[in-house]
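Shown next, in structure tokens, is the structure this report addresses.
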Amino acid sequence: MSELGPQQDDALRPGVNVDIRRTDGRVHPAVVSAVRSRLVTVEWFENGQTKGKDVDRQTLVALNPGIARASVQLQSHRKDSSASSGAAPVPHRKTTAASLPCAPVQKEDNNDLCNELTRELERAAQLSLALSKKQAAETDAQHPLGHHQHNQHRQQQVVQQEEAEAVADLLRRYRAVVDVSDLWMTTDVRLLTRMLSTRALEDDAWLRELEELVNVKMDLLSNLRDAVNKLRKIKDSPRAFIRETDGNGRR
1 MSELGPQQDD
11 ALRPGVNVDI
21 RRTDGRVHPA
31 VVSAVRSRLV
41 TVEWFENGQT
51 KGKDVDRQTL
61 VALNPGIARA
71 SVQLQSHRKD
81 SSASSGAAPV
91 PHRKTTAASL
101 PCAPVQKEDN
111 NDLCNELTRE
121 LERAAQLSLA
131 LSKKQAAETD
141 AQHPLGHHQH
151 NQHRQQQVVQ
161 QEEAEAVADL
171 LRRYRAVVDV
181 SDLWMTTDVR
191 LLTRMLSTRA
201 LEDDAWLREL
211 EELVNVKMDL
221 LSNLRDAVNK
231 LRKIKDSPRA
241 FIRETDGNGR
251 R
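Numbering (UniProt numbering), first residue to last: 1 to 251.
Written out as structure tokens, the structure is:
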């Protein structure tokens, strides 16, 4: 059977110290907080915060060979005890909701994914601005405009540049805020529940801080949505402008 059986419950149980490997290759200690059939929840303290993640059970045992050795010793001891006493084998425990298979764990940290997203959006803003300038220059060369049209086109370029710079600045600030706390982008409901059930119940000030973080996060996501809409307008506006000038040139 490929999945580790219940004989390892004594060796791999809540409160046991283990080593875990992060997505960047770092290995550091953590504490087991929950054990299920395929996944093990571990938590650790980092930068003044309690963090946690789900780790594949077999991967965790492979990184901590002492757990496997302890499990083999426990299993051997149980067999010897059972043989000497003539007792009937202990049946498997009844399957519970906690032992049911869970969804695959996402290998990347939330912060890593968020930082990658914001970097892509910043690059999109810069590329959109560069494309707008290039297309406008080509349009000027192919279709000489009148004085009024030229001024109007220049004003449009200035507005686009200001919007692109504002979007890039917002995204930079957004990424800086995300780097401060994992709470900004976490979608792990179990992690949030554990944090609420431990620290929030013990510390009213921490609960108020969490509520404020949630409110600021919602405002920031709203601003980010507006920024993405601006990016779409910046990307589409040069095409509309070229179609308009082409139509004027044919008249």
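Heads up, the beta-carbon is just placed ideally off N, CA and C, and yes, glycines get one too.
A Cβ-Cβ separation of about 5 Å places Val40 in contact with Arg57 under the 8 Å criterion. For Thr41, the enclosing beta strand (DSSP E) stretches over residues Leu39 to Glu46. As computed with DSSP, Ile20 is found in a beta bridge with His28. For Gly52, the beta-bridge partners assigned by DSSP are Glu43. With a contact defined as Cβ atoms closer than 8 Å, Val31 and Asn47 miss out at about 17 Å.
It is roughly 30 Å from the alpha-carbon of Gln155 to the alpha-carbon of Asp219. A straight line joining the alpha-carbon of Ala227 with that of Val159 spans about 14 Å. For the pair Gly52 and Ser37, the CB atoms are not nearer than the 8 Å cut-off. Burial is judged here by how many other beta carbons sit within 10 angstroms of a residue's own beta carbon; Val35 has at least 16 and is buried. Your pair Asn64 and Asp19 checks out as a contact, with CB atoms roughly 6 Å apart and the cut at 8 Å. Taking the Cα positions, Thr50 is about 7 Å away from Glu43. Straight-line measurement puts the Cα of Phe45 at about 19 Å from the Cα of Arg13.
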